[in-house]
Amino acid sequence: MKYASEFRDPKAARAVLARIATVADQIGATREKPVHIMEICGGHTHAIFRYGLDKLVHEGVEFIHGPGCPVCVLPMARVDECVEIAKRPEVIFTTFGDAMRVPGTKKSLMQAKADGADIRMVYSPLDALELARRNPGREVVFFGLGFETTTPSTALAIQQAACESLSNFSVFCNHITVPEPIKALLDDPHMVLDGFIGPGHVSMVIGIHPYDFIAQDYGKPIVVAGFEPLDLLQSVLMVLEQIRDGRAEVENQYSRVVPEHGNPVSITAMADVYEKRPSFEWRGLGEIDASGLRIRAAYAAYDAEEKFGVGYAAGPRHVPEPEGCACGQVMTGRIKPTACPQFGKGCTPEMPLGALMVSSEGACAAYWQYGGARATEAAE
Amino acid sequence: MCLGIPGQIVAITDEPRMMALADVSGVRREVSVACVLDRPIGDLVGEWALIHVGFAMALIDADEAAKTLEALRDLGEAQEALEAMEEGAKALEADA
Chain A
21 MKYASEFRDP KAARAVLARI ATVADQIGAT REKPVHIMEI CGGHTHAIFR
71 YGLDKLVHEG VEFIHGPGCP VCVLPMARVD ECVEIAKRPE VIFTTFGDAM
121 RVPGTKKSLM QAKADGADIR MVYSPLDALE LARRNPGREV VFFGLGFETT
171 TPSTALAIQQ AACESLSNFS VFCNHITVPE PIKALLDDPH MVLDGFIGPG
221 HVSMVIGIHP YDFIAQDYGK PIVVAGFEPL DLLQSVLMVL EQIRDGRAEV
271 ENQYSRVVPE HGNPVSITAM ADVYEKRPSF EWRGLGEIDA SGLRIRAAYA
321 AYDAEEKFGV GYAAGPRHVP EPEGCACGQV MTGRIKPTAC PQFGKGCTPE
371 MPLGALMVSS EGACAAYWQY GGARATEAAE
Chain B
181 MCLGIPGQIV AITDEPRMMA LADVSGVRRE VSVACVLDRP IGDLVGEWAL
231 IHVGFAMALI DADEAAKTLE ALRDLGEAQE ALEAMEEGAK ALEADA
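In order, the protein sequence lines correspond to chains A and B. If you read the first sequence in the working numbering, its first letter stands for residue 21, the second for the next number, and so on. If you read the second sequence in the working numbering, its first letter stands for residue 181, the second for the next number, and so on.
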């Protein structure tokens with residue numbers, strides 16, 4: 021564990037924090053006029069709070085918690101559609117555990133399971149495939165969910181099902197992409213974003229070039245980061261140095277895992293199986309053009325939307341968010357979780373109202389878990 | 181959901197399907213190595229990989245694996261991934 025301890029070495033962290041402070045001062049960042057850095061990935065949000073990085077960095081650096089938690093951005097209508105599919109007697113509905121507690125209009129998948137639907141938590145789409153092999157008389161549906169880290173695994177599972185001509189396996193595809201929501205946020209005139217911390221494991225799949233537009237078209241720096249505290253601090257420093265030097269580039273702090281051009285097998289599988297939907301609804305962010313993926317016609321036999329006539333195949337439907345829920349404003353950095361009228365009152369991790377409280381990667385859950393009493397006081 | 185967990189590839193279980201057995205913090209499970217197959221499949225035995233939802237997504241060195249595992253343990257993500265693997269096994273057992 022030699023390297024691990026180095027990454028937690030307080031001396032090394034202090035040195036980077038000191039450099040962050042110097043550069044923040046050089047660019048004139050203050051508590052009143054901070055530099056806004058958005059971490060896109062929910063895993064980074066979780067790590068920032070877990071290690072208290074938001075408290076350790078210079079007061080002129082403010083983290084804005086981005087939309088990078090796929091469970092958090094799942095619209096209620098999609099949860100309702102999951103429940104609709106899962107209720108069919110012939111269906112075994114399979115999902116990652118993270119999605120079980122996301123509230124739908126009437127119930128979550130957890131509640132639907134308690135009501136008798138055959139819903140099973142799986143670790144991998146490969147588990148769903150295996151269930152289909154073992155249950156030829158049932159329809160096994162996999163809830164495909166997540167950004168580009170998860171997307172290729174579903175694509176490879178669909179390719180495998182096609183290879184075996186498995187006719188009782190399908191995917192309810194809710195895979196989404198990272199670059200488009202960033203573009204939507206940058207186009208939002210209310211957003212003030214000065215730089216980005218790019219997602220590490222998404223970039224391991226897609227490489228760093230899908231972010232070129234952030235630097236080239238919008239003139240903002242982005243640094244792809246790992247998940248260690250020092251990774252994140254170094255990345256903040258790299259963003260600040262770019263701002264100080266008047267540069268806007270895509271830099272890769274996590275090159276030990278992230279190849280410049282991503283993973284070719286994953287990229288090929290995704291291109292084979294999916295195409296962009298014209299538009300996809302994000303919880304809290306609304307419809308974003310070309311931000312979601314659907315299964316290509318060549319694999320229509322494995323598309324649960326086609327098979328069961330639900331979701332976008334039945335026409336898009338929007339379900340309004342619960343009253344008082346400010347997930348959308350939190351996700352776009354307009355307010356802090358504690359400013360939501362439901363935070364810690366109608367909405368807690370035990371009884372979540374909004375999705376940002378469901379997943380440990382959601383900004384509200386992170387505030388609740390690590391902000392402790394301070395967060396609660398702030399809400400009062 | 182988007183964090184991979186390091187595991188060591190300990191055996192090849194199904195060459196045509198590109199499946200291998202990985203040891204993830206003492207828990208063994210079959211994973212796909214399709215995404216990291218840049219060499220004869222047998223040569224992957226002993227390698228460390230970042231494993232995400234049952235797929236080896238990147239080969240990493242042993243030091244990086246140790247470092248990442250420690251970070252994931254701190255974040256509670258390692259336990260979450262191991263529990264998810266257990267759930268996956270249970271989902272299959274229900275029909276065995």
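Beta carbons: idealized from backbone N, C-alpha and C, even for Gly.
Residue i (DSSP reduced to helix, strand or coil)
| i | result |
| --- | --- |
| Pro123/A | coil |
| Asp29/A | coil |
| Met377/A | helix |
| Ala264/B | helix |
| Ala202/B | strand |
| Tyr231/A | helix |
| Gly391/A | helix |
| Arg219/B | coil |
| Gln273/A | coil |
| Arg98/A | helix |
| His338/A | coil |
| Pro54/A | coil |
| Glu370/A | coil |
Whole-angstrom distance between residue j and residue i, CA atom to CA atom
| i | j | result |
| --- | --- | --- |
| Ala191/B | Phe83/A | 43 Å |
| Ala268/A | Gly239/A | 5 Å |
| Val77/A | Ile196/A | 31 Å |
| Glu381/A | Lys75/A | 18 Å |
| Tyr294/A | Ala181/A | 15 Å |
| Tyr231/A | Leu272/B | 39 Å |
| Ala334/A | Lys270/B | 33 Å |
| Thr169/A | Val198/A | 10 Å |
| Gln349/A | Ile355/A | 6 Å |
| Arg197/B | Ala214/B | 8 Å |
| Glu195/B | Thr171/A | 23 Å |
| Ala383/A | Cys347/A | 9 Å |
| Leu266/B | Lys127/A | It should be noted that the sequence gives Glu, not Leu, for residue 266/B. Answer to the nearest angstrom: the Cα atoms are 25 Å apart. |
| His56/A | Val378/A | 25 Å |
| Ala177/A | Glu280/A | 25 Å |
Proximal chain A residues relative to residue i, where beta-carbon distance stays under 7 Å
| i | result |
| --- | --- |
| Ala214/B | Leu176, Val285 |
| Asp254/B | Arg70 |
| Val236/B | Rather than Val, the amino acid found at residue 236/B in this sequence is Ala. Correct list: empty, because the minimum Cβ distance to chain A is about 10 Å. |
| Gly268/B | Val142, Tyr143, Ser144, Asp147 |
| Leu183/B | Gly63, His221, Phe247 |
Supposed close pair residue i, residue j - CB separation, criterion 8 Å
| i | j | result |
| --- | --- | --- |
| Cys89/A | Gly117/A | About 14 Å; that fails the 8 Å criterion. |
| Pro241/A | Ile226/A | The Cβ separation is near 19 Å, so there is no contact. |
| Pro59/A | Ile217/A | First, the residue type needs correcting, since residue 59/A is Glu and not Pro in the sequence shown. Right, the Cβ-Cβ distance comes to about 4 Å (below 8 Å), so this counts as a contact. |
| Pro145/A | Ser173/A | 6 Å |
| Ala229/B | Ala202/B | 7 Å |
| Leu260/A | Val111/A | Wrong, their Cβ atoms sit about 51 Å apart, outside the cutoff. |
| Ser311/A | Phe300/A | 5 Å |
| Gly364/A | Trp388/A | 7 Å |
| Gly344/A | Glu101/A | Wrong, their Cβ atoms sit about 24 Å apart, outside the cutoff. |
CB contact flag (residue i, residue j, <8 Å)
| i | j | result |
| --- | --- | --- |
| Ala385/A | Phe247/A | no |
| Pro87/A | Leu373/A | no |
| Phe163/A | Phe113/A | yes |
| Val273/A | Asp251/A | Looking at the sequence provided, one finds Gln at residue 273/A rather than Val. Yes, they are a contact pair. |
| Leu376/A | Pro357/A | yes |
| Leu257/A | Ile47/A | no |
| Leu305/A | Val93/A | yes |
| Val161/A | Phe192/A | yes |
| Tyr322/A | Phe189/A | yes |
| Leu262/B | Pro186/B | no |
| Ser212/B | Ala236/B | yes |
| Ala175/A | Met290/A | yes |
| Val243/A | Ser223/A | no |
Per-residue contacts from residue i into chain A (C-beta, under 8 Å)
| i | result |
| --- | --- |
| Ile240/B | Arg276, Val277 |
| Gly226/B | The premise fails here: Gly226/B is roughly 19 Å from chain A at the closest Cβ pair, so nothing lies under 8 Å. |
| Leu230/B | His221, Met224, Val277 |
Within chain A, the residues that residue i reaches when beta carbons sit closer than 9 Å
| i | result |
| --- | --- |
| Ala264/B | Phe116, Gly117, Asp118, Met141, Val142, Tyr143, Ser144 |
Within chain B, partners of residue i - CB distance below 8 Å
| i | result |
| --- | --- |
| His281/A | Chain B residues near His281/A: none, gap ~13 Å exceeds 8 Å. |
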